[in-house]
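Report on the following structure.
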Ligand code: SAH
Ligand code: SF4
């Protein structure tokens, strides 16, 4: 019986409203439920005080409010916290909570493993296991928000953990609706960022469906180099990705983030920096350089620090805002590209 019960955390408010109406209940019960789950953190129907007793009983027979408890919580020396969650089918995912001065960023997963197979990425090496449900995406946020190690707000959500968010399009979209809704988790659209390897049709569709921030994993200034490290480039080459960015709506003063993992002797020469400056011309971007985080399953290496700085300066001279991501949590395997659910 319990297997067929619906998990209300899989539903954005509009779906809960349809569901309540089908049950013969007034529509506003859906709003009350949504608020009880996300503002008050309720995990069982019996404790929802705004509901009559009979409704609490009825819902508990046909539905559940799922929640996460981590199997393990590991804190790195720099304060980064890695949560390891074991799912109902025993597969594991990770979320990483990153402290900044006065607030937190949470990096969440959207799949177990990843089908995109980027050569330098540990999650890519795992291959694709399965999509996460909307509830499994949202529950990472709900848990972290209630277990922050400091009295600072959880301000940013980045979809940069395990998986390619746009490959899991429907569940990711529903999760984002819950993250952004004022009665849901109430995050600002400026503070929810989708990171994508560049699945062009889904980028265009998602950008029409919700207003969020975007990070695009470019990693190379030409198709020849990109084909070597990002297999998805064969389906959606650079030109198509850049054209998509030109079409995607962007609020005033907002820019796309271009992510660029720096790999020694592959994509980090000054000529490549110049080429990158050239291809991005005319697109509102800021560039985030990510020195490669080594892991045992590849032979790639990060460039030397002076090469990284020279790459940055070349782009800056061309007029771009360029940051270098200081990957946090490396000693616990919580840094970018180190997530493998172990
Ligand atoms: N699939 C999405 C989001 C998850 S990966 C994407 O590719 O954008 C998040 C970021 O981590 C990507 O920019 C990815 O290229 C980067 N990354 C993966 N492995 C890495 C590694 N070993 N070192 C540094 N960054 C890495
Ligand atoms: Fe997947 Fe992103 Fe890793 Fe590529 S970098 S394999 S898209 S998680």
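Residue numbers (this note's numbering): 2 to 343. Every residue gets a Cβ at the ideal spot worked out from N, C-alpha and C, and that includes glycine.
{"Item": "Closer than 7 angstroms: residue 165 CB and nearest the ligand SF4 heavy atom", "Value": "yes"}
{"Item": "Whole alpha helix (DSSP H) elements within the region 182 to 267, 4-residue minimum", "Value": "201 to 210, 224 to 230 and 239 to 248"}
{"Item": "Local Cβ density within 10 Å of residue 300, reported as buried at 16 or more and exposed below that", "Value": "exposed"}
{"Item": "Reference residue 280; option with closest CA among 24, 246 and 11", "Value": "246"}
{"Item": "Residue 87 - partner residues in DSSP beta bridges", "Value": "93"}
{"Item": "Extent of the continuous beta strand (DSSP E) run through residue 292", "Value": "286 to 292"}
{"Item": "Beta-carbon proximity of residue 261 to residue 288, cut-off 8 angstroms", "Value": "yes"}
{"Item": "Segment limits, alpha helix (DSSP H) that includes residue 309", "Value": "306 to 318"}
{"Item": "Euclidean distance between Cα positions of residue 126 and residue 178", "Value": "30 angstroms"}
{"Item": "Assigned secondary structure, residue 160 (DSSP; H/G/I helix, E/B strand, else coil)", "Value": "strand"}
{"Item": "Buried or exposed by the 16-neighbour rule on C-beta atoms within 10 Å, applied to residue 171", "Value": "exposed"}
{"Item": "Backbone CA spacing between residue 25 and residue 31 [nearest angstrom]", "Value": "12 angstroms"}
{"Item": "Alpha helix (DSSP H) segment containing residue 66, residue limits", "Value": "Looking at the DSSP string, residue 66 is not in any alpha helix (DSSP H), and its letter there is neither H nor E."}
{"Item": "Complete beta strand (DSSP E) runs within the region 6 to 78 (minimum length 3 residues, chain order)", "Value": "73 to 76"}
{"Item": "Proximity of residue 110 and residue 141 at Cβ, strictly below 8 angstroms", "Value": "yes"}
{"Item": "CA-to-CA distance, residue 189 to residue 16, given in whole angstroms", "Value": "21 angstroms"}
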